[in-house]
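Visitor:
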Amino acid sequence: MTDQPPSRMRRWIPDHDVLPPTRLLIRIAALVLFVVVGDRVTVFMTHREWALDRDAVIAVRLLTSLPVIRYPFEGFVVALEIDKWDWFWLAAGDQPEASQTIYQEWDKVLDLFVLAMGLVASLRWPDATVRRLLALTFVLRVAGVAAFLLTEQRWLLVAFPNVFENLFLMYAVFRLISGRGHMLVGRRSTILVSLVALAPKLVEEYFLHMLNRRPWDWVPLPVPDGIEPRIWIVAMYLPALISVFLLAQRTALEVDSEVAPDGQVMLRESG
352 MTDQPPSRMR RWIPDHDVLP PTRLLIRIAA LVLFVVVGDR VTVFMTHREW ALDRDAVIAV
412 RLLTSLPVIR YPFEGFVVAL EIDKWDWFWL AAGDQPEASQ TIYQEWDKVL DLFVLAMGLV
472 ASLRWPDATV RRLLALTFVL RVAGVAAFLL TEQRWLLVAF PNVFENLFLM YAVFRLISGR
532 GHMLVGRRST ILVSLVALAP KLVEEYFLHM LNRRPWDWVP LPVPDGIEPR IWIVAMYLPA
592 LISVFLLAQR TALEVDSEVA PDGQVMLRES G
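For the sequence shown, the positions run 352 to 622 when the working numbering is used.
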């Protein structure tokens with residue numbers, strides 16, 4: 352089994368995932384600054400009761416999804432943050448329930464566009480198992496969203512959770528911090544990553560689509576409101592982050608490299 356991405360993808364999309372430490376820190380700092388400034392601007396707009404036109408928001412979301420192809424980690428995080436902000440940009444919470452339902456529908460379609468950009472970016476990644484899992488979870492999410500749009504049954508969004516999002520970010524982080532291309536080299540690592548990617552997304556989808564609330568609305572913490580969502584998100588996704596670091600630093604698994612007759616790299620997990 353070969354683990355190389357299609358050669359045509361290697362030709363037209365350069366590999367920007369592995370960076371020198373200094374450049375990596377600069378890009379992460381720029382990303383954090385963008386998120387902080389975006390949060391502040393969104394809060395300012397909310398307090399001033401400013402709202403954007405829906406067509407403008409759709410254009411912003413589509414355009415800001417495109418960098419995911421070239422900069423997978425930073426582009427995906429930016430797209431997710433804008434997905435969070437657009438609710439406030441549109442003042443959707445102040446709209447009638449029917450308008451909120453319409454928002455949920457087109458928001459889910461725009462989410463799929465972001466995932467599609469991530470799927471394109473993943474085609475150049477050398478880990479064939481990751482690529483297959485991303486393709487599978489993308490298809491399942493598309494099926495779930497399509498069924499939801501046809502039936503308006505919100506439980507379908509829980510039954511077909513957006514696991515693609517977590518898998519994509521886990522591999523992108525793994526690649527940045529380890530400089531290695533293969534994260535899943537055996538059954539154990541595949542099961543581990545699949546479980547820690549699925550569990551928090553199931554919880555998040557259940558709260559959002561079945562309870563119509565966020566976890567921090569259910570169990571408030573004694574911290575400022577602006578910080579509380581971040582704490583919950585860190586707590587929910589900490590197992591995934593720890594798993595990525597363990598996989599990046601793993602020493603128990605010995606990965607042997609072999610060169611196939613056609614010159615492509617093949618991997619096997621010893622033991």
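Every residue, glycine too, gets a C-beta built ideally from N, C-alpha and C.
In this text the structure is predicted, and so the values were computed from the model without any measurement.
When DSSP labels each residue in this structure, what does Gly-537 get in the three-state scheme?
Guide: Coil, per DSSP.
Visitor: Please work out which residues of its chain come closer than 8 Å, Cβ to Cβ, to Lys-552, disregarding the five sequence neighbours upstream and downstream, and give them in chain order.
Guide: Pro-512, Asn-513, Val-514, Glu-516, Asn-517
Visitor: Report the residue from Val-544, Val-547, Ser-529, Thr-452 whose alpha carbon sits nearest the alpha carbon of Leu-500.
Guide: Thr-452
Visitor: Taking all protein chains shown into account, do 16 or more other C-beta atoms lie within 10 angstroms of the C-beta of Leu-508, making it buried, or fewer, making it exposed?
Guide: buried
Visitor: Please return the same chain residues whose Cβ sits closer than 8 Å to the Cβ of Arg-482, not counting the five positions on each side in sequence.
Guide: Cβ neighbours of Arg-482 beyond the five flanking positions: Pro-356, Ser-473, Leu-474, Trp-476.
Visitor: Throw me the rounded Cβ distance for the Leu-598 and Phe-519 pair, which I believe falls under 8 Å.
Guide: Incorrect: roughly 15 Å between the Cβ atoms, too far for contact.
Visitor: Can you grab the Cα-Cα spacing for the pair Asp-607 / Ala-523, in whole Å?
Guide: Because Asp-607 sits at a pLDDT of 42, beneath the cut-off of 50, its placement in the model cannot be relied upon, and the following sentence gives the value as read from the coordinates. One C-alpha to the other measures close to 22 Å.
Visitor: Below 8 Å on the Cβ atoms is my contact criterion, and I expect Met-561 with Arg-505 to pass it. Report the Cβ-Cβ distance as a whole number of Å.
Guide: 7 Å
Visitor: With a threshold of 7 Å on Cβ separation, who are the neighbours of Gly-495 within its own chain once the five nearest residues in sequence on each side are excluded?
Guide: Leu-507, Leu-508, Ala-510, Phe-511
Visitor: Can you list the alpha helix (DSSP H) stretches of 4 or more residues lying completely in the stretch 375-457, in chain order?
Guide: 405-416, 423-440
Visitor: From the DSSP output, in three-state form, read off Glu-516 for me.
Guide: helix
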